[in-house]
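Report on the following structure.
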Amino acid sequence: MSQGSFDLSGRTALVTGSARGIGLAIARGLAQAGARVVLNGRQTAALEQAVSTLAAEGLDAQGSAFDVADEQAVRQAFQAFDEQGLHIDILVNNAGIQHRAPMLELELKDWQRVIDTNLTAAFLVGREAARRMIAKGNGGKIINIGSLTSEAARATVAPYTVAKGGIKLLSRSMAAEWARFNIQANSIGPGYILTDMNEALVNNPEFDAWVKSSNPAQRWGKPEELAGTAVYLASPASDYVNGQIIYVDGGWLAVL
Ligand code: NDP
6 MSQGSFDLSG RTALVTGSAR GIGLAIARGL AQAGARVVLN GRQTAALEQA
56 VSTLAAEGLD AQGSAFDVAD EQAVRQAFQA FDEQGLHIDI LVNNAGIQHR
106 APMLELELKD WQRVIDTNLT AAFLVGREAA RRMIAKGNGG KIINIGSLTS
156 EAARATVAPY TVAKGGIKLL SRSMAAEWAR FNIQANSIGP GYILTDMNEA
206 LVNNPEFDAW VKSSNPAQRW GKPEELAGTA VYLASPASDY VNGQIIYVDG
256 GWLAVL
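As numbered in the working numbering, residues 6 to 261 make up the sequence shown, in order.
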């Protein structure tokens, strides 16, 4: 296979929730592979900072601040892309939040917020992107970020688990409906990765020890370790791969 299969030159990628953490690392990886990247988040200042960071590395980046869980905001963001002549060839549905509480104490508003941000938003943004991919007729790539909880439950994170389980099957639903338009929709399931989302867990010695003893790699993952899989799933190298989930977890789910 030629190296050219992984080349993203001439493509534009929207990575949601990419002001920091895994989203920023994936955006950087896609840009290093040649894509123009559109970063997203709700906080404009953090977003501008992330865009400047990538630009200073010589990468082609711009920002689009909107709330992925707000249907109207998503529609307006894509209308703005249309007006700028920006066509999204690659979408990474990465924005996500966590809320920890035992189910017996979990409030409906918190359940709803986590499901809306981690699952419904991927449908909303995916729908807008796919409508345009189909209209243009050039196919496209959608990567939905799952989790170890796409596969297995863990106490105190029920809505997150349900959302990430849903992400796996959302990718398959997208593949079922859009493969005939040459759109590939796959998921990435990261293991425990060192980001702001996990700050409290990293600083909890018991949890930190549990991660290191349960994972065959005996360490937390780094955000940049997701980038290679994202580039693969965004590139022509994966044109016949659809509806799959690839776990990037140090081998965690593979062992007893
Ligand atoms: P972070 O908390 O570090 O970053 C989350 C990003 O999402 C931020 O840029 C945040 O920006 C943005 N965001 C949150 N809500 C919204 C929203 N409604 N609209 C737009 N942007 C939003 O998270 P991680 O990098 O750790 O996680 C990224 C993804 O990876 C998530 O889907 C997460 O579930 C998943 N994941 C993470 C793992 C880990 O161990 N870290 C493991 C498995 C999966 P802002 O606040 O400005 O909106």
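Note that CB positions come from ideal geometry on N, CA and C, so glycine has one too.
heavy atom of the ligand NDP below 7 Å from alanine 51 C-beta: yes
Contact between the stretch 131-138 and the stretch 153-164 (3+ Cβ pairs under 8 Å): no
Heavy atom of the ligand NDP within 7 Å of valine 253 beta-carbon: no
Rounded Cβ spacing between valine 260 and glycine 34 (contact assumed at less than 8 Å): Not really, about 27 Å apart at Cβ, beyond 8 Å.
Three CB pairs or more closer than 8 Å across the stretch 37-48 and the stretch 67-74: yes
Which listed residue (Ile31, Asp254, Met138 and Leu13) has its alpha carbon closest to that of asparagine 220: Asp254
7 Å CB neighbourhood of phenylalanine 86 in its chain, flanking five on each side removed: Ile93
Assigned secondary structure, alanine 259 (DSSP; H/G/I helix, E/B strand, else coil): helix
Identity of the residue in Glu230, Ile147, Leu199 and Asp75 nearest leucine 5 by Cα: This structure cannot speak to residue 5, because the chain is shown only from 6 to 261.
Best match in Ala190, Glu230, Asn187 and Val167 for proximity to glycine 196 [C-alpha to C-alpha]: Glu230
Three-state secondary structure assigned by DSSP to valine 97: Correct three-state label for valine 97: strand.
Helix, strand or coil at isoleucine 102 [DSSP, three-state]: coil
Straight-line gap, aspartate 115 to leucine 109 (C-alpha atoms, nearest Å): Whole-angstrom Cα-Cα distance: 13 Å.
Other residues of its chain near arginine 80: CB distance less than 8 Å, five sequence neighbours each side excluded: Glu133
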